[in-house]
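J.: Handing you this structure, nothing more for now.
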Amino acid sequence: MGAYLVRRFLLMVLTLFGMSVLIFVMLRLVPGNITDIIFDSAGFVNPAKKAAIERQLGLDQPIVTQYITWMAGLARGDLGYAFVSEKPALDEILPRIPVTAKLAVLALAFSVLFGVPLGVISAVRQNTGLDYVLRVVSLSGLSLPSFWLGLLILMACVHWFGWIPIYRSSPDNFWQEIALLSIPAAAVGFRSSALVMRLTRSSMLEVLRQDYIRTARAKGASEPSVNYDHALRNAVLPVVTVIGIEAAFLVGGLIVTETVFNIPGVARFLVEAIRWRDYPIVQNLVMFIAIIVVMVNFIVDMAYAALDPRIKYEE
Amino acid sequence: MRARLALGTVVSALAATLAVTPALAQKQGGTLRIYHRDNLPSASIHEEATVSTVQPFMAVFNNLVLFDQGKRLNSLETIVPDLAESWAWDPTATKLTFKLRQGVKWHDGRPFTAKDVQCTFNKLTGKDTEDDFRRNPRAIWWQNLKEVAVNGDHEATFVLNRPQPSILSMLASGYTPIYPCHVKAQTMRTNPIGTGPFKFVEFKRGDTVKFVRNPDYWKPGRPYLDAIEWKVIENRSTRILAFVSGEFDMTFATDVTIPLLKDVTSQAPKAVCEIAPTYVSTNLIINPAVAPFNDPKIRSAMALALDRKAFVDILSAGKADLSGVMLPGPEGLWGMPPEVLQTLPGYGGDVEKNRAEARKIMEGLGYSEAKPLKIKVSTRNIAVYRDPAVILIDQLKKVHIDGELEVIDTSIWHAKVTRGEFSVGLNLTGVGVDDPDVNLYENYACSSERNLTKYCNKEVDTLIDKQSSETDVAKRRQIVWEIEKRLAADLARPIIFYDRQATCWQPYVKGFVLHHNSIYNNWRYEDVWLDK
Amino acid sequence: MAVIDHEAELARAGANVRGPLSSILFFARSYPLGALGALIMLAFVATAVFADAITAFDPLTTNAHDSLAPPGDRHTLGADFMGRDVLARIIYGARISLAVGLGATALGCLGGMIVGLMSGYFGGWLDLTVQRLMDIMQSLPLLVMALVMAASLGPSLTNTIIAIAIPLVPNVARVIRSSTLALREMPFVEAARAVGMSETRIAITHVLPNTLAPLIVLATAQLGSAILVESALAFLGLGVPEPHPSWGRMLSESAAEYVRTAPWLVIFPGVAISAVVFGTNLLGDAIRDMLDPRQRF
Chain A
1 MGAYLVRRFL LMVLTLFGMS VLIFVMLRLV PGNITDIIFD SAGFVNPAKK AAIERQLGLD
61 QPIVTQYITW MAGLARGDLG YAFVSEKPAL DEILPRIPVT AKLAVLALAF SVLFGVPLGV
121 ISAVRQNTGL DYVLRVVSLS GLSLPSFWLG LLILMACVHW FGWIPIYRSS PDNFWQEIAL
181 LSIPAAAVGF RSSALVMRLT RSSMLEVLRQ DYIRTARAKG ASEPSVNYDH ALRNAVLPVV
241 TVIGIEAAFL VGGLIVTETV FNIPGVARFL VEAIRWRDYP IVQNLVMFIA IIVVMVNFIV
301 DMAYAALDPR IKYEE
Chain B
1001 MRARLALGTV VSALAATLAV TPALAQKQGG TLRIYHRDNL PSASIHEEAT VSTVQPFMAV
1061 FNNLVLFDQG KRLNSLETIV PDLAESWAWD PTATKLTFKL RQGVKWHDGR PFTAKDVQCT
1121 FNKLTGKDTE DDFRRNPRAI WWQNLKEVAV NGDHEATFVL NRPQPSILSM LASGYTPIYP
1181 CHVKAQTMRT NPIGTGPFKF VEFKRGDTVK FVRNPDYWKP GRPYLDAIEW KVIENRSTRI
1241 LAFVSGEFDM TFATDVTIPL LKDVTSQAPK AVCEIAPTYV STNLIINPAV APFNDPKIRS
1301 AMALALDRKA FVDILSAGKA DLSGVMLPGP EGLWGMPPEV LQTLPGYGGD VEKNRAEARK
1361 IMEGLGYSEA KPLKIKVSTR NIAVYRDPAV ILIDQLKKVH IDGELEVIDT SIWHAKVTRG
1421 EFSVGLNLTG VGVDDPDVNL YENYACSSER NLTKYCNKEV DTLIDKQSSE TDVAKRRQIV
1481 WEIEKRLAAD LARPIIFYDR QATCWQPYVK GFVLHHNSIY NNWRYEDVWL DK
Chain C
2001 MAVIDHEAEL ARAGANVRGP LSSILFFARS YPLGALGALI MLAFVATAVF ADAITAFDPL
2061 TTNAHDSLAP PGDRHTLGAD FMGRDVLARI IYGARISLAV GLGATALGCL GGMIVGLMSG
2121 YFGGWLDLTV QRLMDIMQSL PLLVMALVMA ASLGPSLTNT IIAIAIPLVP NVARVIRSST
2181 LALREMPFVE AARAVGMSET RIAITHVLPN TLAPLIVLAT AQLGSAILVE SALAFLGLGV
2241 PEPHPSWGRM LSESAAEYVR TAPWLVIFPG VAISAVVFGT NLLGDAIRDM LDPRQRF
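Protein chains in written order, with my numbering: chain A, 1 to 315; chain B, 1001 to 1532; chain C, 2001 to 2297.
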């Protein structure tokens, strides 16, 4: 297992390195840079001053030099200065992480809390009316644009309660913040819960057909005990995988949801930074997201391996 | 604040003075909560050309002089003292001397002196090369300023090359705060320090901007508010919903469009909403350097195709103003009256007749309905630009011009236009102060950096200088109209309309007066108080 | 020729190998939800194709008097801010959505197929390099990837399709690669090799056709997600630009301005997007059940 771990880890580092090159190059292919943007907001362009700012920000350097500067900075733990706010990039990114993290955890919790039980029910009641209803609901969860769902929720809240559940900068306490975040979390989590439900259902169905379940039934184990003790325990494995996959999808959902509910998290910040061509923010933030995604996948792989002894540590 | 305007009411009173009802005792305290419409680029007013920066940050600063915050219309007559206690012209009308207030302190405790005034204008005129502004969008405002001379700590003299009465208007704009000498330009972009009623606390990009009361403010008893808190909400319907549900005390300047106003007034019937000109024009830019637009005939056919009324009807439910270059009355002080406007090419008469004439011109050049002139209409990828562009294309179709919309990413719009990489474009232009010097120099003078189409007519330049040095308002207005006629004949950036939008605030917000001929000058907030 | 018999496969999977009409009936009976999905898709495609015949309104013509007109006699689903008929825009928007959905899926699948086939069949350093590249692309969420792509390509219909297609490539490549790996060792491939066929030819004529089943399953799933990604991009200001009536942009722009004043502008395009994506999902599920009964999720 040790060798597998090392190999897996090296691959991870390689992936991240490739990611850094990719995002670095792609960002610089985006037309216009920060100087275009700041002159745009001033409504004119002064070529001499534009060049001076580019020089000051190091944008006139060859792209390889710029990349090395970035990497050398990263190695020292220095993410550079944000172009727009002229503050250290780290100070811009860090404070925005907790709120996104809370939102993501809540959304995941929502998707598991709804997805797993409904998936089990749907499998146990396979091909009944209930099963069909649950499947259609879950499919519709995968079909709604999540920002649209968020908007409908906003409209409904204002219409019926005269209250708008957008984020406030200073909630009174932790619980109030959680309460505020739970609505957007549900909007994001709805999609994931649909996926979790579908996966739980299918793996439950597969497990229910296995020999040992039949054996358990034959031995006279009660139906609920068969369904929930034997089957569910074995069906959980693939669900772990989907959580790994969803971690990446979640970020996409978070971007639009943070925009709709005006939550000042990292996901929305990323879009903002792309729009402003704020390279230090975008490249560091994208690396951060990539690290999280790669790590989650790594952990999920490990968990999978630990949970299922049949997996061999080879590729 | 008795002047609550019902929907659709147009302010007709020129220079309506609004006295705060004396019976009401102002209450101290409270936090004013306002939403912001977008991510403001920086905190430095001098380096920006957008109300996004002026509206929040004007409260941090003082000017030398200021447009009276309590009067609706800005003019040379409504300028009141701010950091300058008094001012006087010398007999040649080229030296303007300000007596400065004593005992004023910057927010960091350092004393304010005449040196600070000098420093500010050295930067604006490009004399300070050491700590330069990154951008200086209004350099053209100060082209006639030779120097600022200092006499002791409390007197500063503006020395001009030639007489220019309007320099006072520019000094009185929210765009012209006095910056401290001892703070670097970079710091002013992130942590601005001023002498104003509110101190800057923090600026969380894309999220919040906070200000607190300056307890050492030089004006006794002001400001009333303890703090001002801005929250950025980029989605307009979300922020209007938030205002309607009482989350905010005030909307962003002119943020409520005419169609949305109906909604606000029905959902929040107590809210005070005023419709006022935004002094932002929607205009057509034609690149005369690109064929076939180098042919004045094609340009005039395009001008004849415009149905300005249709634009106004669609985009502002008929509320916006048809106009020439200067904002029309009753709010605008310099615009041409409708009967004069009618005489400009493409303004008067029947649209159908104009278009028939345009078609004749086009047919003379070999175009027809079957064989139209194919062009690209470039515009910025924002709805306020795209919507009129779509209408423009619709209208050009009627004169054998087949336009294809080319949306250009916001980041490169100005760069592309400045490089002349467009043939026909739809553009928006905001004007800071209702003064011909500001509008004409910025947008039509040969030397202006913000003259997007690089329109350059020496005769017009001479006329612009002439009106600028004219002290008699009536005479000056005649010259301005003469310039308007030339600009219209040359089709220099034909103005399609000047928009109108509403600004709303809750009924308990008192002491606030919305200016009606500029959106850049009334955000000091020192007289605002909350009646809660 | 030892190509796996497609019909036999289908028959084994429970499909009926008979005339087209009875096959359709059989499909509808075995997969009622799938049939519903197919019906929705059919309606969608028909709308896109016959847009001109369905509505009398031009989706681009503006009209001052109808600005924000509510649904009624003149405008069945109301009119937008510029007085353009919403129904007409939705109908013509079907073309855009179809173009984006099909275009991006086809492009993504084609790219993924080539990459996956080469990497799976030829193996070696090529496989290693390609796999790492795919790893890299997959370490970013699809939307983030599409976002950066869309920004760098600039706003246009073609660019939006490319921006959505590229992030799809790794998913497809993975699936094709793994089935190619299995097929490579199959007896009929060995046989072809023994006959002296070139490797490239074997890959194309013998391996490729047998990877189609999983590809179809994957493609139907991606079709819906491509349409959703377009709407999300539009919401973030980077989708298909004016004057094309894209559902995503219709929805997101009216959402940004008129949620309350004119809710129909927000509701109808959203319903259109959801219905079509729902249809592809239903159909995709049924096809998956049919072609690949082991993977039931």
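Every residue gets a Cβ at the ideal spot worked out from N, C-alpha and C, and that includes glycine. Since the model is a prediction, treat every value here as computed from it, not as a measurement.
Could you list the residues in the segment 3-24 of chain A with a C-beta less than 8 angstroms from some C-beta on chain C, going in chain order?
T.: Here the close residues are 11, 14, 15, 16, 18, 19, 22 and 23.
J.: Would you mind stating whether residue 1061 (chain B) and residue 1196 (chain B) have Cβ atoms separated by less than 8 angstroms?
T.: Yes, Cβ-Cβ distance for residue 1061 (chain B) and residue 1196 (chain B) is below 8 angstroms.
J.: Give the straight-line distance between the Cα atoms of residue 178 (chain A) and residue 187 (chain A), rounded to the nearest whole angstrom.
T.: Approximately 14 angstroms between the Cα atoms of the pair.
J.: Using C-beta distances below 6 angstroms, list every residue in its chain close to residue 1403 (chain B), excluding the 5 sequence neighbours before and after it, in chain order.
T.: Counting only Cβ-Cβ distances below 6 angstroms, and skipping sequence neighbours, we find 1375, 1377, 1393 and 1396.
J.: Quick one: grab the DSSP three-state call for residue 1176 (chain B).
T.: Looking at residue 1176 (chain B) - three-state DSSP - the assignment turns out to be coil, as it is neither helix nor strand.
J.: Whole angstroms are fine: how far does the CA of residue 1112 (chain B) sit from the CA of residue 1165 (chain B)?
T.: C-alpha separation (whole angstroms): 26 angstroms.
J.: Go through the segment 2111-2146 of chain C residue by residue and report every complete run of the beta strand (DSSP E) that reaches 3 residues or more, in order.
T.: The segment 2111-2146 of chain C contains no whole beta strand (DSSP E) run of 3 or more residues.
J.: Tell me, to the nearest whole angstrom, how far the beta carbon of residue 1327 (chain B) is from that of residue 1521 (chain B); I am working on the premise that it is less than 8 angstroms.
T.: Contact doesn't hold; Cβ gap of about 14 angstroms is too wide.
J.: When we look at the beta-carbon of residue 1236 (chain B) and count the other beta-carbons within 10 Å, is it buried (16 or more) or exposed?
T.: When all chains shown are included, residue 1236 (chain B) counts as buried.
J.: Using a beta-carbon distance cut-off of less than 8 angstroms, what residues from the segment 2235-2263 of chain C approach chain A?
T.: Residues 2235, 2236, 2237, 2248, 2251, 2252, 2255, 2259, 2260 and 2263.
J.: Within the chosen definition, does the segment 2104-2111 of chain C reach the segment 2150-2168 of chain C through at least 3 CB pairs nearer than 8 angstroms?
T.: At 8 angstroms Cβ cutoff, the stretches touch.
J.: What residue range does the alpha helix (DSSP H) around residue 1259 (chain B) cover?
T.: Here the alpha helix (DSSP H) through residue 1259 (chain B) covers 1258-1267.
J.: Going by DSSP, what residues sit across from residue 1283 (chain B) in a beta bridge?
T.: Per DSSP, B:1427 and B:1495.
J.: Below 7 angstroms CB to CB, which residues in the same chain sit around residue 1380 (chain B) once its five sequence neighbours on both sides are set aside?
T.: For residue 1380 (chain B), where only same-chain residues beyond five positions count, the Cβ hits under 7 angstroms are 1408, 1410 and 1413.
J.: The ligand ZN heavy atoms versus the CB of residue 2253 (chain C): any closer than 7 angstroms?
T.: Absent from the structure shown: the ligand ZN. Ligands present: none.
J.: Assuming residue 1401 (chain B) contacts residue 1314 (chain B) (C-beta within less than 8 angstroms), just tell me the rounded distance between them.
T.: That pair is no contact at about 19 angstroms.
J.: Determine the DSSP secondary structure at residue 177 (chain A), reduced to helix, strand or coil.
T.: Residue state, collapsed to three classes: helix.
J.: Quick one: give me the first and last residue of the alpha helix (DSSP H) that residue 1444 (chain B) is part of.
T.: Note, residue 1444 (chain B): alpha helix (DSSP H), 1436-1444.
J.: Could you give the DSSP three-state label for residue 1213 (chain B): helix, strand or coil?
T.: In this structure, residue 1213 (chain B) counts as strand in the three-state DSSP scheme.
J.: Please list, in chain order, the chain B residues whose beta carbon lies closer than 7 angstroms to that of residue 100 (chain A).
T.: Under the 7 angstroms cutoff, chain B gives no residues; its nearest Cβ is about 13 angstroms from residue 100 (chain A).
J.: Straight-line CA distance for residue 1334 (chain B) to residue 1437 (chain B)?
T.: Roughly 11 angstroms separates the two Cα atoms.
J.: Name the residues in the segment 2113-2129 of chain C whose C-beta lies less than 7 angstroms from a C-beta of chain A; which are they?
T.: Result list empty, no residue passes.
J.: Assuming residue 2226 (chain C) contacts residue 2100 (chain C) under a Cβ cut-off of 8 angstroms, what Cβ separation, rounded to an integer in Å, is found between them?
T.: Right, the Cβ-Cβ distance comes to about 6 angstroms (below 8 angstroms), so this counts as a contact.
J.: CA-CA distance, residue 1371 (chain B) and residue 1502 (chain B)?
T.: Distance between the alpha carbons of residue 1371 (chain B) and residue 1502 (chain B) is about 44 angstroms.
J.: For residue 1227 (chain B), which three-state DSSP category applies?
T.: Residue 1227 (chain B): strand per DSSP, three-state reduction.
J.: Please return the same chain residues whose Cβ sits closer than 7 angstroms to the Cβ of residue 2254 (chain C), not counting the five positions on each side in sequence.
T.: Taken in chain order, the residues that qualify are 2080, 2262, 2265 and 2266.
J.: How about residue 215 (chain A): is its C-beta nearer than 8 angstroms to some C-beta of chain B?
T.: With 8 angstroms as the cut-off, residue 215 (chain A) does not count as an interface residue toward chain B.
J.: For residue 2057 (chain C), which three-state DSSP category applies?
T.: Note: residue 2057 (chain C) maps to coil in three-state DSSP.
J.: Determine the closest residue to residue 329 (chain A) out of A:193, A:92, A:163 and A:84, with distance taken between C-alpha atoms.
T.: For chain A, the structure presents residues 1 to 315; residue 329 (chain A) sits outside this window and is missing.
J.: Quick one: what's got a C-beta closer than 8 angstroms to residue 19 (chain A)'s C-beta in the same chain, skipping five residues either side?
T.: Same-chain partners within the cutoff: 286, 287 and 290.
J.: On the DSSP letters alone, give me the boundaries of the alpha helix (DSSP H) that residue 40 (chain A) sits inside.
T.: Here the alpha helix (DSSP H) through residue 40 (chain A) covers 34-42.
J.: Compile a chain-ordered list of the residues in the segment 1361-1390 of chain B whose CB is closer than 7 angstroms to at least one CB of chain C.
T.: Answer in chain order: 1381, 1383, 1386, 1387 and 1390.
J.: At a CB-CB cut-off below 9 angstroms, which residues of chain C make contact with residue 1405 (chain B)?
T.: Ordered by position in chain C, the residues that pass the 9 angstroms Cβ test against residue 1405 (chain B) are 2241, 2242 and 2243.
J.: Quick one: which chain C residues come within Cβ less than 7 angstroms of residue 290 (chain A)?
T.: 2139 and 2140, listed in chain order.
J.: Output, in chain order, the set of chain A residues within a Cβ distance shorter than 7 angstroms of residue 1266 (chain B).
T.: Those within 7 angstroms of residue 1266 (chain B) in chain A number zero; the least Cβ separation is about 13 angstroms.
J.: Is the beta carbon of residue 258 (chain A) sitting closer than 8 angstroms to the one on residue 252 (chain A)?
T.: Contact: no.
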